[in-house]
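J.: Right, I'll just put the structure down here and ask away after.
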């Protein structure tokens, strides 16, 4: 992706995150699958996160040599605490819904009858 294309894309993401953060009604993130990078950041921008037991989360940007650009550094630190947020971001490690629930990032972990995974 060229620098110009990246900048144009980043503006769109920034506007989307701002719209979620400034929404006057409560927003619920329903995570059933992988919420990596921007997906994790969008979930964190919501007021509540409900995650299927099989949900997975990660901030994988550091694998690309960049940092989360949608407010993920601040929102993750508020949700799980600074030391754990640093570990998640700097190691780009994945974690499941049970871990996210125990850390206070997820409001509830739910059994989900349906899965988006291909069979």
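In this note's numbering, the protein residues as written are 4 to 122. Where is the CB? At the ideal position from N, CA and C, for every residue including glycine. Quantities reported herein were computed from a predicted structural model and do not represent experimental measurements.
Since residue 66 is in the beta strand (DSSP E), which residue starts that stretch and which ends it?
T.: The residue you call residue 66 lines up with position 63 of the chain shown. Looking at the DSSP string, residue 66 is not in any beta strand (DSSP E), and its letter there is neither H nor E.
J.: I'd like to know if the region 84-94 and the region 21-32 are in contact, where contact means that at least 3 CB-CB pairs between them fall below 8 Å.
T.: At 8 Å Cβ cutoff, the stretches do not touch.
J.: Quick check on residue 107: buried or exposed, where buried means 16 or more other Cβ atoms within 10 Å of its Cβ?
T.: In the chain shown, the residue the question calls residue 107 occupies position 104. With fewer than 16 other Cβ atoms within 10 Å, it is exposed.
J.: Counting along the chain, where does the beta strand (DSSP E) carrying residue 34 start and finish?
T.: The sequence position of residue 34 within the chain shown is 31, counting from 1. Taken as a continuous stretch (DSSP letters only), the beta strand (DSSP E) holding residue 34 covers 31-34.
J.: Alpha carbon to alpha carbon, how far is residue 91 from residue 45?
T.: What you label residue 91 is simply residue 88 of the chain shown in a count that begins at 1. What you label residue 45 is simply residue 42 of the chain shown in a count that begins at 1. If you take the alpha carbons of residue 91 and residue 45, they lie about 16 Å apart.
J.: Anyone know if the C-beta pair for residue 76 and residue 95 falls short of 9 Å?
T.: Here residue 76 refers to the residue found at position 73 when the chain shown is read from its first residue. Here residue 95 refers to the residue found at position 92 when the chain shown is read from its first residue. Not in contact: residue 76 and residue 95 (Cβ atoms no closer than 9 Å).
J.: Below 8 Å CB to CB, which residues in the same chain sit around residue 115 once its five sequence neighbours on both sides are set aside?
T.: Here residue 115 refers to the residue found at position 112 of the chain shown. 35, 55, 56 and 57, listed in sequence order.
J.: Would you identify the three-state DSSP class for residue 49, choosing helix, strand or coil?
T.: Counted from its first residue, the chain shown places residue 49 at position 46. Three-state result, residue 49: coil.
J.: Alpha carbons only, please: which of 60, 101, 49 and 13 is nearest the one belonging to residue 43?
T.: Against the chain shown, residue 43 aligns to sequence position 40. Closest option to residue 43, Cα to Cα, is 60.
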